[in-house]
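Some notes on the structure that comes next.
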Amino acid sequence: MGLIGAFSCLPSNAAAQNATVLVFWLHLEQDRDWQERRSYTGLTLKQLYPALRGITVGLLENKVKLRAKQASIDFVEITTEDVEDSIGKITALVPDGAAVLLDLPDTEMRAVIAGLAGREIALLNIRSTAMALREANCQRNLFHVIPSRRMYTDSIAQFLAVRNWRRVLLLVGTHENDLSQARAYEASFEKFQIKLADRRPFSLSNNPRDRDMNNLKLLTGDAKYDVIVIADEIGEYSRYVPYNTFLPRPVIGGSGLAARAWHWSWERYGAPQLNQRFDRRAKNLISDNKNRHMNDVDWAAWAAVKLIATSLPAASPDRRVNLLRALRNPGLAVDIYKGSRGSIRGWNHQLRQPILIATQDAVIGKLPDMKFLHPYHYEDTLGIDAPQSVCRFD
Amino acid sequence: MLKQLTIAAFFLLLTSPVLAEGKLVVSNERGNSLTVLTLDGDILLELPTCGRPRGMHFSHDKKNFFVGCADDNLILVYDSATLEVSGRITNVFAPETFDLHPDGKTLIVSNEEDASATLWDWTTGAFIAEYETGEEPEGVQVTQDGRYAFVASEAADLVHVIDLENGEVTFDIPVDTRPRRFALSVDQTQLYVSAELASVVNVIDLDQMKVTDTLTFLPPGFRKEHVTPVDIILNRSGELGFVALGRANHVGVFDTSTGKVLDYILVGKRAWGLALNHNETRLYVANGLSDDISIVDLQKRRSIKSVKVGSVPYGILVFD
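Top to bottom, those sequences are chains H and V. If you're matching positions, the first sequence starts at -6 in the numbering used here and goes up one per residue. If you're matching positions, the second sequence starts at 10 in the numbering used here and goes up one per residue.
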C-alpha cells in the first residue's frame, strides 16, 4: 500500500482549509483476469487490465474542479492477497466517510462486499456486472458504476426491437457466466417481446460425436430466425460464427456486435477528448499496456472518480465530508460523456446511463431508444426497474 | 490545378458584386470546409480548409476572419474579401473557440485537449501567454474593457475568470453541468453561460462572481434531457437573448430583463452555432446533425429556409 508516485503532480499542498477525501483502489496482487488470456491460436481475447489508468485520467481531470471546491482527493492503492486480507486491510486503513473503488474478480468482489456490510464507507463497484449485487445481495454502502448484466442484455433486446429483428437463435457456451448471460438474455427478450426461435448449446470441441454442438452449419440450421445472439465468456467460439452461419444472418454478442459501457470509437458528447486523454496522456503515466483503448472497466473507474469529485459540496465551513452521504444525495448528476447526465438509482445505487452497441471499430447504436417511453427516465428502460427490483433503499 | 483555378476564377467573376452585398461563412467541422452563402442562403462556394474547423471570429474591422482548426493545431487568418488565407497562427493546440481582445490584436483561445487557454497576437502569430483551466475548455468571452476573460471548462463544470492585467486566474466559478458558451450583458454586469447537460443557462453576477439566476428552457413536447443548450447570443440592445437548444432542435428566445422565455423556434437537428445579421431581422442557425443551416425570420420568429451546407456545420459568420 502506498501513495502512487504518478500523482505527485496533484496538489498535495492541501491547505488547512481544504477538505481532503480519501479514495482507495483495492485490487488483488494476482488477479486472474489480468493474466494474459490467450486462446491456443495465440490471440488475446477479452483481457482485463488494472483500473489504474482510468482512475488516473479521472484524478487528473478533476484536479481543477476540486481546486474550485477547495477540496482534494488523496489517492491510495491497496494491494491484497485474498478476500480475508482485503477485508482486514480495509478495516485497518479506510476511515469512515472514505471511498473504495473495488477492482476484483466476481467471486472476491461478492465476498469482500458482504464482509463490509454496515460499514460507514462508500464501496464503488467498477467491475462486476453481477445481478445479485444489485438485487438480492444489494447493500446500502455499495454503488455500481459499471452497468449491470441486465442493462447490457436489455440494450441488445431493445436494439433488436427497434430494428424489428424479432426472432433470435440463442447460442450458449458452457462457462458458468455463459449460463447467467443466457438467463439475462432470455429475460430481456421477454421484456422487449423478442421471440426465442431456439436456444442451443455450443461446444469448443472437435469431437464428431458432438457435431450438433460444434458444427456451425448444424448449429445454425433447421430454425427460422432473424439474428443470432451468442453468450460466450471466453470469446473463442463466437469469433468464428459470423459468416459461417447456415442462414445469412447478423451475429450479436460474443466478439461481434456487443453492448458496452464505453467504446474507443465513440465520437459524440466529448468522447473523443476523453479517449484521447486515456490514449495519450495516461499512457505515459501508467504502463499496463501502452497501446490500448479505454474499456468498460477503465471507463467505470474514470466515472467513479468523477462521481466522487462531483459529489463533494462546494467550499463550506464544515470541511468534513462523508462520501457515503454525498453519493446518496438524490440530486447528484455527473457528465458521463454519453449524452445524458449519469445519476444514481435510489432503489439500488446503480449508475443510470446509456449503453453503446458497437462492432470492433464503430458504435452502431446508443440505447435507450426514445421510442421506449418511461415515466421518469428513459435510461430506466435498461436493467431491472424500481417496481420489479427486490432492492429498496428509497 | 487547372480545375481549381477555373473554379476560383469562376467564383470571383460570379460573386464579386455579391460579396459587396454580404455573405455567410459556415465552418463544417467534419467536412473540413467552409461553406460560403448569400444572406438569403444561396450557396456560392464550398471552400476546402484545414482539419476540423470549429470556432470563427471577425477582426474588428471585419477585413479578416479567423478559423480555429482543431485537428491541425492551427488558426487560419482569412481575408474577408478574397477568402484567401492571409496568415496562420501555428502550434495552437486543438483550438476550439476564441474571442478577440478589445486591443484588436490578441486572440484568446480555448485549447480543448490541453486544458488551457492561450493568448496569441494574430497580426504576428506570436504566442503571448497561457493559463491552466479545467479539462475541455470551451467558450471564451472578454469584457469590453479588456480586463477579464472568462473561459468555460466543460469537464470541470467551472467558469474560470482570468485577470488579463495581472496575468492570473482569479476565480473558478462553479456552474451547472457541461458549461459551453457565453454572452455578456450590455452593461457588463451579467454573464450568461449555457450548461449543456443541465439543460439550463446560468446567469453569473459579475460583482459577486457567482451564479445568481438560472434560466430553464423546455420546448413543448420535449423532455429536459433533450434540451442541450450550446451557443447563446444577445441582440445589440441586450434586451433579447437567443439560445441554441441542441438536441431539442429549437432556438429559445428570452427576455433578458425578466429571464422569461418568449418563444421557441423550430430549426434543424442539434442546433449549435448562432449568428444575427446586422439589422437583426434574421437569425442564422448551424444544425450539426442535419448538415444544414436554418434561416430564421425574427419578425415572425419562424425558420423561413433551411440550406444544406457541408458535413457537421459548427459556426456561422455574417458579413453584411
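Each residue gets a CB set at the ideal place from its N, CA and C atoms; glycine is no exception. Treat the numbers as computed from the prediction; the structure is a model and nothing was measured.
Closest to residue 188 (chain V) by CA distance: which of V:73, V:159, V:329 and V:113 is it?
Taking the first residue of the second sequence as 1, we reach residue 188 (chain V) at position 179. Of the listed residues, the one whose Cα sits closest to residue 188 (chain V) is V:159.
Would a check of beta-carbon distances place residue 173 (chain H) closer than 8 angstroms to chain V?
Here residue 173 (chain H) corresponds to residue number 180 of the first sequence, with the count starting at 1. False, the Cβ-Cβ gap to chain V never drops below 8 angstroms.
On the three-state DSSP scale, how would you describe residue 81 (chain H)?
To locate residue 81 (chain H), count along the first sequence from 1; it is residue 88. Three-state result, residue 81 (chain H): helix.
Are residue 321 (chain H) and residue 328 (chain H) closer than 8 angstroms when you measure CB to CB?
In the first sequence, the residue the question calls residue 321 (chain H) occupies position 328. In the first sequence, the residue the question calls residue 328 (chain H) occupies position 335. Not a contact, by the Cβ cut-off of 8 angstroms.
DSSP beta-bridge partners for residue 96 (chain H)?
As a first step, residue 96 (chain H) must be located in the first sequence, where it is residue number 103. Looking at the DSSP assignment, residue 96 (chain H) forms a beta bridge with H:20.
If we ignore side chains and look at the alpha-carbon of each, how far apart do residue 227 (chain V) and residue 65 (chain H) end up?
Working through the second sequence from its first residue, we reach residue 227 (chain V) at position 218. Working through the first sequence from its first residue, we reach residue 65 (chain H) at position 72. One C-alpha to the other measures close to 36 angstroms.
Relative to the alpha-carbon of residue 32 (chain V), which residue among V:38, V:44 and V:178 has its alpha-carbon at the smallest distance?
Reading the second sequence from its first residue, position 23 is the one you call residue 32 (chain V). Measuring from the Cα of residue 32 (chain V), the nearest candidate turns out to be V:44.
So, does the stretch 270 to 290 of chain H touch the stretch 98 to 113 of chain H, judging by three or more C-beta pairs under 8 angstroms?
no
For residue 241 (chain H), count neighbouring Cβ atoms within 10 angstroms of its own Cβ and tell me buried if that reaches 16, exposed if not.
Here residue 241 (chain H) corresponds to residue number 248 of the first sequence, with the count starting at 1. Its Cβ having fewer than 16 others within 10 Å, residue 241 (chain H) is exposed.
State yes or no: is the C-beta of residue 97 (chain V) within less than 8 angstroms of the C-beta of residue 134 (chain V)?
To locate residue 97 (chain V), count along the second sequence from 1; it is residue 88. To locate residue 134 (chain V), count along the second sequence from 1; it is residue 125. Result yes, Cβ atoms of residue 97 (chain V) and residue 134 (chain V) sit closer than 8 angstroms.
Assigned exposure category for residue 245 (chain V) - 16 Cβ within 10 Å defines buried:
In the second sequence, residue 245 (chain V) corresponds to position 236, counting from 1. Flag for residue 245 (chain V) reads exposed.
Distance check for residue 269 (chain V) and residue 103 (chain H), CA to CA, integer angstroms please.
Within the first sequence, numbered from 1, the residue matching residue 103 (chain H) stands at position 110. Within the second sequence, numbered from 1, the residue matching residue 269 (chain V) stands at position 260. Looking at the two C-alpha atoms, the distance is approximately 52 angstroms.
Residues in the same chain with beta-carbon distance under 7 angstroms from residue 307 (chain V), minus the five sequence neighbours each way, listed in chain order, please.
Here residue 307 (chain V) refers to the residue found at position 298 when the second sequence is read from its first residue. Hits under 7 angstroms: 289, 290, 291 and 292.
Where does the unbroken beta strand (DSSP E) through residue 151 (chain V) begin, and where does it stop?
The count along the second sequence starts at 1 and reaches residue 151 (chain V) at position 142. Residues 146 to 151.
With a threshold of 8 angstroms between beta-carbons, can residue 165 (chain V) be considered close to chain H, or not?
Position 156 of the second sequence, counted from the start, is the residue given in the question as residue 165 (chain V). True, the Cβ-Cβ gap to chain H drops below 8 angstroms.
Would you mind stating whether residue 115 (chain H) and residue 85 (chain H) have Cβ atoms separated by less than 8 angstroms?
Reading the first sequence from its first residue, position 122 is the one you call residue 115 (chain H). Reading the first sequence from its first residue, position 92 is the one you call residue 85 (chain H). Not a contact, by the Cβ cut-off of 8 angstroms.
Against chain H, does residue 95 (chain V) count as a neighbour if the rule is that its beta carbon must be under 8 angstroms from one of theirs?
Locating residue 95 (chain V) in the second sequence gives position 86, where the first residue counts as 1. No, residue 95 (chain V) does not count as interfacial toward chain H.
Per the contact definition of three or more C-beta pairs closer than 8 angstroms, is the stretch 163 to 179 of chain V in contact with the stretch 126 to 145 of chain V?
yes
Less than 6 angstroms between C-beta atoms, sequence neighbours within five positions excluded: which residues of the same chain meet that for residue 232 (chain V)?
By 1-based counting over the second sequence, the position of residue 232 (chain V) is 223. None.
Amino acids of chain V, ordered along the chain, whose beta-carbon sits closer than 7 angstroms to that of residue 269 (chain H)
The sequence position of residue 269 (chain H) within the first sequence is 276, counting from 1. What residue 269 (chain H) touches in chain V: 122.
Using 8 angstroms for Cβ pairs, my map puts residue 252 (chain H) next to residue 145 (chain H). What's the rounded Cβ distance?
The residue given as residue 252 (chain H) occupies position 259 in the first sequence. The residue given as residue 145 (chain H) occupies position 152 in the first sequence. The pair is a contact, with the Cβ atoms about 4 angstroms apart (cut-off 8 angstroms).
Buried versus exposed call for residue 9 (chain H) [16 or more other C-beta atoms within 10 Å across all chains shown]:
Numbered from its first residue, the first sequence carries residue 9 (chain H) at position 16. In this predicted model, residue 9 (chain H) has a pLDDT of only 45, less than 50, meaning its place in the structure is not dependable enough to derive any value.
Which listed residue (V:204, V:248, V:46 and V:36) has its alpha carbon closest to that of residue 147 (chain V)
Position 138 of the second sequence, counted from the start, is the residue given in the question as residue 147 (chain V). Per the Cα distances, V:204.
Residues in the stretch 307 to 334 of chain H having any Cβ partner in chain V nearer than 7 angstroms:
Within the stretch 307 to 334 of chain H, the residues whose Cβ lies closer than 7 angstroms to some Cβ of chain V are 307, 326, 328, 333 and 334, listed in chain order.
Residue 143 (chain V): contacting residues in chain H (beta-carbon distance under 9 angstroms)
Counting from one through the second sequence, the residue named residue 143 (chain V) turns up at place 134. Listed along the chain, the chain H residues whose CB falls inside 9 angstroms of the CB of residue 143 (chain V) are 54, 55, 56, 57, 58, 60 and 61.
Using the three-state DSSP reduction, which class does residue 343 (chain H) fall into: helix, strand or coil?
For the purposes of this step, residue 343 (chain H) is identified with residue 350 of the first sequence, where counting begins at 1. Strand.
Going by CA-CA distance only, name the one from H:350, H:387, H:201 and H:371 that's closest to residue 339 (chain H).
Position 346 of the first sequence holds residue 339 (chain H). Residue 339 (chain H) has its Cα closest to that of H:387, out of H:350, H:387, H:201 and H:371.
Hey, quick one: how far does the alpha helix (DSSP H) through residue 292 (chain H) stretch, first residue to last?
Translated into positions along the first sequence, residue 292 (chain H) becomes position 299. Run containing residue 292 (chain H): 289 to 304, per the alpha helix (DSSP H) assignment.
Residues in the same chain with beta-carbon distance under 7 angstroms from residue 89 (chain V), minus the five sequence neighbours each way, listed in chain order, please.
Walking along the second sequence from the start, residue 89 (chain V) turns up at place 80. Contacts found: 71, 72, 73, 74 and 328.
Counting only beta-carbon atoms, is residue 234 (chain V) nearer than 8 angstroms to chain H?
For the purposes of this step, residue 234 (chain V) is taken as the residue at position 225 of the second sequence. Yes - at least one Cβ of chain H is within 8 angstroms of the one on residue 234 (chain V).
Taking only beta carbons into account, state which residues of the stretch 202 to 223 of chain V come closer than 7 angstroms to chain H, listed in chain order.
Hits within the stretch, in order: 206.
Cβ pair count under 8 angstroms reaching 3, the stretch 254 to 268 of chain H against the stretch 179 to 187 of chain H
no
Residues that DSSP places opposite residue 33 (chain V) in a beta bridge
Along the second sequence, one-based indexing puts residue 33 (chain V) at 24. Answer is V:46 and V:327.
Residue 56 (chain V) (DSSP reduced to helix, strand or coil)
The residue you call residue 56 (chain V) lines up with position 47 of the second sequence. Strand.
Contacting positions in the stretch 244 to 269 of chain H - beta carbon closer than 7 angstroms to chain V:
Within the stretch 244 to 269 of chain H, the qualifying residues are 263, 266 and 269.
8 angstroms Cβ cutoff, residue 162 (chain V) in contact with chain H
Mapped onto the second sequence, residue 162 (chain V) falls at position 153. Put simply, the CB of residue 162 (chain V) is near chain H, with a gap under 8 angstroms to one of its CB atoms.
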